[in-house]
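Below: one structure, written as structure tokens.
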Amino acid sequence: MTAPRELDPVIHAQARLKVIATLNTLGETNQITFPGLRELLGMTAGNLSVHLGKLEEAGYVEIVKTHRGRTPTTYVALTRQGRRAFEDYTAAIRELLDLG
716 MTAPRELDPV IHAQARLKVI ATLNTLGETN QITFPGLREL LGMTAGNLSV HLGKLEEAGY
776 VEIVKTHRGR TPTTYVALTR QGRRAFEDYT AAIRELLDLG
């Protein structure tokens with residue numbers, strides 16, 4: 716029996732896992748506004764911002780700040796690298812479950 720794959724520590728944190736799983740439900744070219752994501756997840760703006768920063772550092776999410784008219788708007792999307800990392804993470808979880 717081979718050792719199970721390591722779980723990605725960036726994704727494994729509960730809040731970041733919720734963020735990645737939610738963003739993964741969007742199509743590859745889709746994005747969501749920061750307030751929309753915050754509302755979906757029920758997180759505070761500060762908490763979500765910290766976790767998005769860690770995911771962005773890892774290259775898993777892309778954050779784009781723009782304006783809608785005069786209103787600043789922040790969009791969040793899962794990158795290809797983030798999508799692959801989530802697929803690897805879920806495969807590693809499945810392997811762990813199959814060991815039991």
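Quick note, in my numbering, the sequence shown goes up one by one and the last residue is 815.
Glycine included, every Cβ here is placed at the ideal spot set by N, Cα and C.
In terms of residues, what are the limits of the beta strand (DSSP E) holding Leu793?
Counting along the chain, the beta strand (DSSP E) containing Leu793 begins and ends at 786-793.
Here's a check: name, in chain order, each residue in its chain whose Cβ is nearer than 6 Å to the Cβ of Val779, leaving out the five neighbours to either side.
Tyr790.
When the Cα of Arg731 is compared with those of Glu772, Arg809, Ala806, Thr744, which residue comes out closest?
The residue with the shortest Cα to Cα distance from Arg731 is Glu772.
On the premise that Thr748 lies in contact with Thr788, defined as a C-beta separation below 8 Å, what is that separation, rounded to the nearest angstrom?
With a Cβ gap of about 6 Å, Thr788 and Thr748 count as contacting.
Alpha carbon to alpha carbon, how far is Leu767 from Arg798?
If I take the Cα positions, the gap works out to 15 Å.
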